[in-house]
Structure formats: C-alpha cells, structure tokens
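Which chain is which? The protein sequence lines are A and B, in order.
Okay, so the first sequence: first residue is 29 according to my numbering, each after it adds one.
Okay, so the second sequence: first residue is 17 according to my numbering, each after it adds one.
Note that the Cβ used here is the ideal one computed from N, Cα and C, for glycine as well.
Since we're looking at a predicted model, the values are computed, not measured.
Below is one structure, written out as structure tokens; comments come after it.
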Amino acid sequence: MQLLQKFKRGNSKKSQSKGHANYAYTTARVRAMKSKLLPKETYPRLMNMSIDEITRFIEESEYKEDVDELARQYEGVDLIEHALNRNLAETFTKLLKISDGDVNFLIGEKLKKFDIWNIKTILRGKYCNASTEEILDAIVAAGRMSYTSLSELAAKATYEEVISELTNTEYYPILKNYDGTNLSEVENQLDKMYYVGLFEAIGESKSKDRKLFAEFTRMGIDLKNLITLFRLKKSGITDPDAINLMIDGGLRCKLKETERLLPLSFEDFVSELESNPYWDVISDIVKPDMASLIDVETRLKKHRLKSAASFSHVYPISIVPIMDYMLSKQNEISNLRMIIRGKAANLEDDVIKEQLVI
Amino acid sequence: MATETLTAMDPAGLKAIGAGLAVGLTGIASGIAEKDIGSAAIGAMAENESLFGKGLILTVIPETIVIFGLVVALLING
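Shown next, in the form of structure tokens:
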C-alpha cells in the first residue's frame, strides 16, 4: 500500500513522504491517552468544589507529576496554572516523540503554533520590559523549540538580540521587519505564516492522510474567521481593511464571502449569516440584540470538538484521532484553568459554566 | 524400437509443493495482519498496562489464517 502511494506521488519534492509512519502504534497510543482525559461529568462536580478541593483533585489526577515538580516554586492557583501548562507541553512533546515519519512531520507543523506563540510572548515581554521570570511564566514549550532554548531567548536584554538569535529560523523574514512599534502587525504575519506553513506541508500530495489533515485545518480556519467576524461586528468595526485579520483557505466559507460580510452592521450581519454553512450550529442562540458573544464562541468551539471526534471515528487509523486528541487536551486544560481562575476571582458559578466548553 | 523416456511429475512432489504454498503464504498473510495489530497493542499497553491481556488476544487472532493453512497442508498430505 505504501509502495503504491510512493509510486503515485512520484518524485515531486513537496509531497515527498517523510519516511515510514507507524499509524497503528501512534493512534492506538493516542486513543489510550485520550481515555485518560477527564470525563464530562467531572466538570459539574468540580464546579461544586472549593479551590482547595479542586487543587487536591488535580493533584491526584494525571497532573500529579507536574504539580509535584512545581510545588517548590509556586503555590495556590498559580501552581495549578503552571502545572497545567507544563502538562500540556509535556503531552505534546510526547506526541512528537512517539510518532515518526509523516505523522511526526504533520504533528510538528501543527505544534509550530506554540513556537510562534512563544516567540510572540517573548517579543511582547521585551516590548513591555517584563523580567525574564515573568516571560518564562507565560511560555508553553510544546512545540519543536525546547524550553532551554526559549529561556535563553527570554534572557536576552533587547528584542534585537532575540531576533538576531532567530536568524536561522524560518520566522526571521517576518521578524526582521519588527522595529519595536509594529508588534501587532508582525504578530498577525506570524500567525498567517503558520497557516501558510501548514498548507505547504499538506502540499500537492494526494495521500489520503494529508487530505484529511487539510480538511481538518481548513475547518478550524472557518470557525476562527467566524469568531473574529462576530467580534469585529459586535464592536462595530466595519472597516474593510479588517480582511487582513482573516485567514485564507477556509473549507466551507470562502474569503470573498467573508469580505462581503465585513462592511455590514451587526444586525445585517446576523441576517446574512443564515446562508452560512455553520448557521445550523448557532441558529438558536444568535439574535440581532444578543448581549455577549460567549455563547456563540463556546458553541462554535464545541462544534469543532464534536466534529473532530466524529471525524476520528470515520478515519480511525489516520492523523485525525491525533488532532482530535490535541484539541480535546487543549480544551480540558482551558476548562480547568477557567474553573480555577474563575473560582479564585469569586465569579458566580453560572458565569464560569457559560464559559466552559464541555 | 525407439525408447521414449517419460518424464512424468511425481504427484507426491506436487502435493508437497501445494502444502508448502498453503503454509508459507498463509504464514506471510498472518504476519502482515499481526504487524499492525501488534504495534497498536504495544502502543495502547504503553499507556495502560491493564490492556495487556486484551492486546495479546487481539494480536494472535490473525494466527487463525496460518492455522487454516496448516490444516489444508495436512489435508493435502493426508
């Protein structure tokens, strides 16, 4: 089968296979890892606990090792937050370790998001003169860049030094345009580069796996664009230049269609949305006079998780179950963080519940 | 009178080849089938050791293929 695919692909460089990929091993292991995620029923239980009880619960769960490791440096809510981040980084780098060949390559591409996130964090830190410790607190070393190299970067005195250190990386062509003032522009470009990189990785290849990966990514783009659109409309921005914030390459919403929606007011936007392919997902909560977007965002995120899960049942031995796991893990961590931070800030239970994506 | 040398194949030899093919090919087939199941079982076991029993059973299920081959080989020779 693999031989056949190799013949089909020919010798085009872009779509070359990155070696043998052991899907059976990786997907089975990832599925076993997924079974260790917290079940849905845990969240309502957590909501009824006090902060100490939640801390205890997390200490006794899969996060035990991380909590133990960091217990000397941090305490209370901060400890949990850092333990969650550390666990995320460990889990994702583990995915890189247990996979090989094509799977490893695709996971690496996906995890570049964290590399970009970390570079952005360091630059932001330098921008507002944060200390090295403060920057390191916000870093999640889940990508290909190791924590050590990132902490070296964070220890540099100025942003110029950080950028010159990154000369040999693929991010340099964008970073070199940073002059200390246009941070948001550079950040947008970095984000876009991430998606361009993803599409390049998918390449022209006709292999089923990369097609699935492409479909998965493009659906993510659709939902991300939709959320950005909602936010823009809600804050009354009708500037057509905002198209620069959108990501090209969506699966069911084309960029042209998004461009058409940009100059509309929120009310018109909502009525136009009825022809949107994702209207079914949000139809019952979107109203022209809605006060907050939390519901819509949670609903869209939930839709993404759900479709990832059902997708992974359709293609059990492919990249999809791995992507599904990555999404679910990230979601679990963001849910736990919301609960613990919400409780620490004395938010009402209902407010926290609204935010959770279960 | 010309003497004709008859080169007839020994039926026992053909039987032996048939039996060999039956065992050999089914052996390769179960090998291929077990390869993926085995590595998946190891992957699952690495995360959760209690899956050892289940993994072992699932891994040897394709073994039936080669057993059928063996039976056929015995029948041919029997």
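- Scanning its chain for C-beta atoms nearer than 6 Å, with the 5 sequence neighbours on each side dropped, one finds around N115 of chain A the residues Y91, D94, in chain order.
- In the DSSP assignment, V87 of chain B falls within the alpha helix (DSSP H) that extends over 79 to 93.
- Here S127 of chain A is not near D237 of chain A, since their CB atoms are 8 Å or more apart.
- Remark: C-beta atoms of H110 of chain A and L123 of chain A do not approach each other more closely than 8 Å.
- At a cut-off of 8 Å between beta-carbon atoms, A32 of chain B makes no contact with chain A.
- For the 8 Å CB-CB criterion, I81 of chain B and A57 of chain B do not form a contact.
- Nearest C-alpha to L321 of chain A among A:L260, A:K68, A:E81: A:L260.
- Contact check between the region 280 to 295 of chain A and the region 262 to 269 of chain A: three or more CB pairs, one atom from each, fall below 8 Å, which counts as touching.
- Residues of chain B whose Cβ lies closer than 7 Å to the Cβ of T54 of chain A are, in chain order, G59.
- Between E63 of chain B and chain A, the shortest Cβ-Cβ separation is below 8 Å.
- Within the region 26 to 50 of chain B, no residue has a Cβ lying closer than 7 Å to any Cβ of chain A.
- Annotated as distal: V76 of chain B and A38 of chain B, with beta-carbon spacing of 8 Å or more.
- Residues of chain B with a Cβ closer than 9 Å to the Cβ of A60 of chain A are, in chain order, G59, A60, M61, A62, E63, N64, L67.
- About 6 Å separates the CB atoms of R246 of chain A and G277 of chain A; that is less than 8 Å, so the two are in contact.
- Taking the beta carbon of R57 of chain A as reference, the chain B residues within 7 Å of it are G59, A60, A62, E63, listed in sequence order.
- At a cut-off of 3 residues, not a single continuous stretch assigned as beta strand (DSSP E) sits fully inside the region 50 to 76 of chain A.
- Of the residues assessed, C156 of chain A falls on the exposed side of the cut-off, its CB having fewer than 16 other CB atoms within 10 angstroms.
- Straight-line measurement puts the Cα of T121 of chain A at about 24 Å from the Cα of K239 of chain A.
- The region 298 to 378 of chain A contains, as complete alpha helix (DSSP H) runs of 4+ residues, the segments 307 to 310, 322 to 342, 348 to 372 (chain order).
- With distances taken between CA atoms, D269 of chain A lies nearest to A:E213 out of A:E213, A:N304, A:I230.
- Look at S55 of chain B here: in three-state DSSP terms it is helix.
- For K141 of chain A, the closest alpha carbon among the candidates A:A183, A:L301, A:L65, A:Q358 is that of A:Q358.
- The beta carbon of N50 of chain A sits closer than 8 Å to some beta carbon of chain B.
- The closest CA to that of E243 of chain A, considering only A:D352, A:K154, A:I163, is found on A:D352.
- The C-beta distance from L257 of chain A to K148 of chain A rounds to 22 Å, too long to fall under 8 Å, and the pair is not in contact.
- Note on geometry: alpha-carbon atoms of Y222 of chain A and G34 of chain B lie some 58 Å from one another.
- Taken in chain order, the complete alpha helix (DSSP H) segments of 4 residues or longer contained in the region 168 to 192 of chain A are 175 to 182.
- Burial check for W145 of chain A: the Cβ neighbour count within 10 Å reaches 16 or more, so the residue is buried.
- Exclusion of the five residues before and after A60 of chain B leaves L67, G71 as the residues of its chain whose Cβ lies within less than 7 Å of its Cβ.
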